[in-house]
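Order-wise, the sequence lines are chains A and B. Numbering-wise, numbering that gives the first Met the number 0 puts 277 at position 278 of the first sequence, and it's gapless, one number per residue. Numbering-wise, numbering that gives the first Met the number 0 puts 194 at position 195 of the second sequence, and it's gapless, one number per residue.
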Amino acid sequence: MYKTADGREIFVVDAHTHFWDGSPENQRNIHGKQFIDCFYAYHSALSPPEEKWEKSRFEKYSEDDIYRDLFVDGPDDMAIIQTTVLGDFYKTGFGCIERSSRMAARNPGRFIVNGAFDPRDGEKALEYIHYMKETHDITGVKLYTAEWHGDSRGWKLTDPAAYRCFELCEKLGIRNMHVHKGPTIIPLSKDSFSVGDVDDAATDFQGLNWIVEHCGLPRLDDFCWIAVQETNVFGGLAVALPFIHTRPRYFAEVIAELLFWLGPDKILFGSDYAIWTPKWLVERFWNFQIPEDIAAERGVQLTDEIKEKILGLNAARLYGIDVDAKRRDFADHPVLIAAE
Amino acid sequence: MEVPTTGKAAAVWARLARVADPELDEPVTELGFIERLCLQKGAVEVDFRLPTYWCSPNFAFLMAEGIRREVAALPWVGQVRVRLLDHLFADKVNRGVNEGLAFGTIFAEEEGGDLEELRAIFAEKAFQRRQEAVILALRRAGMGADEICRMTLGGLGRVRLGEDPGAAELPRYRAILRETLRAVDPGDPAFVTWGGEALTPETLPDHMARLRAVRINMEFNGALCRGLQAARYRTQPEAEAAPDQPELIDFILNRVPPREAAASRL
């Protein structure tokens with residue numbers, strides 16, 4: 000919960016977090032090393048200096064770390080773990096649903112652990128979706144279309160194999176599709192700019208929510224256009240939000256575009272932990288105003304009411320979270336971490 | 000590397016400044032991508048590196064090709080060798096560029112595709128970003144929509160932007176009009192869409208909104224690239240040895256707290 004200067008208690012759902020293991024022991028090859036190094040560069044480049052971590056902690060952090068950073072020192076009430084497997088780069092996966100679920104079980108109700116699947120696995124992908132539903136009762140997945148897989152260098156949401164997976168998700172009530180459309184790993188020309196496959200998939204699967212992570216940046220205009228057309232397309236703020244520190248005016252332009260096109264009900268806060276920690280992001284976001292000239296041009300402003308939606312209420316709606324019940328529950332059951 | 004200011008190395012550097020990162024439309028020399036120059040008689044070697052190991056190989060290829068082409072244009076240069084460093088596809092890019100092979104041939108396995116379409120996309124984005132910068136500068140100079148839409152190439156040539164932040168983009172905008180849109184007649188309109196349509200005071204606001212979106216995307220790439228480049232090549236052993244000491248990059252990224260604040264934390 001984030002407590003404002005005037006005493007309001009804001010319910011925070013961090014819709015984009017990770018519990019990864021990028022340590023050298025888990026790296027399968029040079030790509031695994033370069034991948035976590037690249038994440039660390041994001042972390043280093045956009046974090047305020049006092050929020051910067053040691054490399055070794057960044058590569059692999061503990062269960063205590065994540066609870067402390069999100070819920071004790073940080074303002075999150077709940078967090079959604081996005082599973083990014085990257086099996087070609089990491090021995091047990093970069094993110095792993097089993098490992099995340101074990102961690103989440105320590106304080107029930109705080110985490111929603113999302114799954115992941117790869118449609119290129121064909122029948123196995125369908126079996127795996129069944130497994131994730133039955134074993135972990137997942138309600139959402141992270142889709143990483145740029146992931147390598149054998150000789151393949153990526154897939155599209157509109158691939159027939161992907162559609163079979165989405166049909167199954169819809170049937171099983173796995174409704175939240177978090178699509179990574181942001182800076183990609185090795186974007187070759189065929190997928191460098193396109194968020195177009197979201198448009199088709201969202202039209203064809205109206206019963207699913209399509210959360211486009213990183214707002215499709217650097218294709219913000221295309222993304223906004225799609226999100227205006229499709230009522231079931233949402234934008235995740237991960238990666239865009241840290242610019243609030245390094246380049247606040249730029250962040251203002253991005254959020255103004257999103258508010259203008261999508262409106263306040265379709266934007267979701269996400270820290271992208273552990274690339275960034277939610278404490279400073281939420282504090283700065285709450286105290287942020289769009290500069291007057293930009294606000295005037297787009298006719299939008301970040302009011303407290305809108306910030307509250309973005310920080311938690313929008314994600315709560317997508318995930319069927321009863322905010323009042325959760326508030327009461329969390330007041331009675333503070334997060335426990337190991338004794339210092 | 001340090002920017003050479005004299006002799007043949009300076010001439011090479013000036014040619015390299017004409018090569019832009021296609022995604023950002025900013026010169027590779029200003030982005031800090033050029034790592035090493037080596038001149039031996041008529042032979043020139045250029046090493047460059049990018050912000051991440053994962054940077055798109057097609058962008059890398061375009062830059063490598065540009066470097067080779069620009070340096071080879073100097074009359075005294077006989078041989079050019081371009082070397083991309085620290086990149087997943089460094090070997091492929093280097094072989095392709097130095098042996099004059101097409102991108103599609105080198106990256107057939109990865110479904111790299113054709114670069115021409117990509118070139119066209121980038122040309123349009125560069126045009127739009129430069130145009131926005133110039134129009135915003137003219138607006139700041141007090142010019143109205145009517146006057147902007149009526150301006151001719153000849154008129155644009157007489158514009159002086161002085162200290163305005165958009166001033167640097169004016170010659171670059173004129174260059175792309177001339178070289179890509181083939182607008183050369185002084186009576187041609189100075190501001191048109193990429194498709195060549197004239198702008199009117201009625202269509203200008205929507206047009207500017209589109210240009211702004213293009214800029215937001217390109218700035219996102221630019222800011223990330225600079226940040227990642229800095230983080231990657233901030234020489235790691237030193238950084239680990241003295242993690243609390245701000246370096247040049249910390250000042251550039253405004254990460255250094257004011258002295259009083261730093262002192263009060265002790």
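Quick reminder that beta carbons are idealized off the backbone N, C-alpha and C, glycines included.
CB contact check: residue i to chain A, cutoff 7 Å
| i | result |
| --- | --- |
| A19(B) | no |
| N97(B) | no |
| I215(B) | yes |
| R68(B) | no |
| E109(B) | yes |
| R139(B) | no |
| E178(B) | no |
| Y232(B) | no |
| T51(B) | yes |
For residue i, three-class secondary structure by DSSP
| i | result |
| --- | --- |
| E237(B) | Because the pLDDT of E237(B) is 36, which lies under 50, any placement of that residue in the model is unreliable, and the number read from its coordinates should be weighed accordingly. E237(B): helix per DSSP, three-state reduction. |
| R82(B) | strand |
| F267(B) | A query on residue 267(B) cannot be resolved here, the shown segment of chain B reaching from 0 to 265 and no further. |
| A182(B) | coil |
| E69(B) | helix |
| L223(B) | helix |
| S151(A) | strand |
| V178(A) | strand |
| I336(A) | coil |
| H17(A) | coil |
| R48(B) | strand |
| N28(A) | coil |
| G311(A) | helix |
| G35(B) | In the sequence on display, residue 35(B) carries Arg and not Gly. Three-state DSSP puts R35(B) in a strand. |
| E49(A) | helix |
| Y143(A) | coil |
| Y1(A) | strand |
| K306(A) | helix |
| K54(A) | helix |
| V11(A) | coil |
| V194(A) | coil |
| T210(A) | According to the sequence as given, residue 210(A) is Ile; it is not Thr. The answer is strand: DSSP assigns I210(A) an E or B state. |
Contact with chain B by residue i, beta-carbon distance below 7 Å
| i | result |
| --- | --- |
| P217(A) | yes |
| A294(A) | no |
| D220(A) | yes |
| Y249(A) | yes |
| Q300(A) | no |
| C37(A) | yes |
| R27(A) | no |
| E58(A) | no |
| Q228(A) | no |
| S55(A) | no |
Cβ neighbour criterion (16 or more within 10 Å) applied to residue i
| i | result |
| --- | --- |
| V27(B) | buried |
| N313(A) | buried |
| D303(A) | exposed |
| I266(A) | buried |
| N286(A) | exposed |
| H129(A) | exposed |
| R35(B) | exposed |
| L100(B) | exposed |
| L137(B) | buried |
| S55(A) | exposed |
| R7(A) | exposed |
| N93(B) | buried |
| E239(B) | With a pLDDT of 38 at E239(B), under the threshold of 50, the predicted position of this residue should be treated as unreliable, though the coordinate-derived value follows. The residue in question, E239(B), is exposed, as its Cβ has fewer than 16 Cβ neighbours within 10 Å. |
| S61(A) | exposed |
| W279(A) | buried |
Residue i at chain E interface by Cβ criterion, 7 Å
| i | result |
| --- | --- |
| S193(A) | Within the model displayed, chain E is absent; protein chains A and B are what it includes. |
Is it a yes or a no for the stretch 78 to 89 of chain B touching the stretch 45 to 64 of chain B, going by three-plus beta-carbon pairs under 8 Å?
yes
Could you tell me which whole beta strand (DSSP E) segments of length 3 or greater appear in the stretch 215 to 293 of chain A?
232 to 235
Three or more C-beta pairs closer than 8 Å, one from the stretch 5 to 21 of chain A and one from the stretch 79 to 94 of chain A: is that the case here?
yes
Determine contact between the stretch 163 to 176 of chain B and the stretch 203 to 219 of chain B, defined as no fewer than three beta-carbon pairs at a distance below 8 Å.
no
With contact counted as at least three CB pairs below 8 Å, one residue from each stretch, are the stretch 240 to 247 of chain A and the stretch 40 to 50 of chain A in contact?
yes
Please go through the stretch 64 to 132 of chain A and give each complete beta strand (DSSP E) segment of 3 or more residues, from N-terminal end onward.
77 to 80, 110 to 112
Starting from the N-terminal side, write out each stretch of the alpha helix (DSSP H) that is 4 residues or longer and does not extend beyond the stretch 1 to 28 of chain B.
6 to 15
At what residue ranges does the stretch 99 to 125 of chain B contain a whole run of the alpha helix (DSSP H), taking only runs of 4 or more?
102 to 105
Taking three-plus beta-carbon pairs below 8 Å as touching, is the stretch 19 to 33 of chain B in contact with the stretch 90 to 99 of chain A?
no
Could you name each continuous alpha helix (DSSP H) segment of 4 residues or more that falls completely within the stretch 143 to 221 of chain B, going from the start of the chain to the end?
144 to 149, 152 to 156, 168 to 178
Taking three-plus beta-carbon pairs below 8 Å as touching, is the stretch 75 to 82 of chain B in contact with the stretch 116 to 133 of chain B?
no
Any 3 or more C-beta pairs closer than 8 Å across the stretch 51 to 70 of chain A and the stretch 64 to 77 of chain B:
no
Counting Cβ pairs closer than 8 Å, one from the stretch 155 to 165 of chain A and one from the stretch 199 to 211 of chain A, do we hit at least three?
yes
With three or more beta-carbon pairs closer than 8 Å as the criterion, would you say the stretch 140 to 154 of chain A touches the stretch 325 to 332 of chain A?
no
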